[in-house]
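K.L.:
The numbering used here runs 50 ahead of the 1-based position in the sequence shown.
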Amino acid sequence: TRRNYYARKTLVCIILKSAGSVLIHNVESGQIIDHEIYIENCLQPVIDEIKKRRPLSSTHSLKILHDNGKPHIHKAVPDYLTSEDVTIIPDPSNSPDLAPYDLWLFKFVKHNIGNQNDIESLCDPVT
51 TRRNYYARKT
61 LVCIILKSAG
71 SVLIHNVESG
81 QIIDHEIYIE
91 NCLQPVIDEI
101 KKRRPLSSTH
111 SLKILHDNGK
121 PHIHKAVPDY
131 LTSEDVTIIP
141 DPSNSPDLAP
151 YDLWLFKFVK
161 HNIGNQNDIE
171 SLCDPVT
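(1) What do you reckon, are the CB atoms on V96 and I87 nearer than 8 Å?
(2) Which whole-angstrom value describes the C-beta separation of T109 and D135, a residue pair presumed to lie in contact below a C-beta threshold of 8 Å?
(3) Once the 5 residues before and after K113 are set aside, which same chain residues still bring their CB inside 6 Å of it?
(4) Give the range of the alpha helix (DSSP H) segment to which L115 is assigned.
(5) With DSSP run on the structure shown, which of helix, strand or coil describes H124?
(6) Just the Cα atoms here: how many angstroms apart are L115 and D141?
(7) Alpha carbon to alpha carbon, what distance is there between H124 and S111?
(8) Could you say which of L131, G119, K157 lies nearest to L93 if we only look at CA atoms?
(9) Which residue wins for smallest C-alpha separation from H75, given the options S107, V127, D98, N91?
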């Protein structure tokens, strides 16, 4: 069954690391995502979670790769990440063949979580 193109959608922020998921957070339906929402609902919770999991380590070895979406490139985002001592890995814009998440993430999403109907069923294949 095809979804209605105009139906309200739910944005889910999934933060992954090599050993699995770190954070799964859904943003309220209909909420516009800007840099403030990205920092408050995605970056701060994941950095807090990593600090909780690695209390003896600082975040200086933490690296983040995100695409060049407007909420990600707003000046406040790199300022916040720098204040947390997090390194930003530059995204190779207009080079999808070089973007690491294009190599496996989108295929994983399409294959495993593309047809989930609710937040609960979405979280199961990711965790």
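Using N, Cα and C, we set each Cβ at its ideal position, and we do this for glycine too.
P.N.:
Per the coordinate set shown:
(1) no
(2) 5 Å
(3) T137, I139
(4) No alpha helix (DSSP H) holds L115; DSSP gives it neither H nor E.
(5) coil
(6) 7 Å
(7) 23 Å
(8) L131
(9) Relative to H75, the option among S107, V127, D98, N91 whose CA is nearest is N91.
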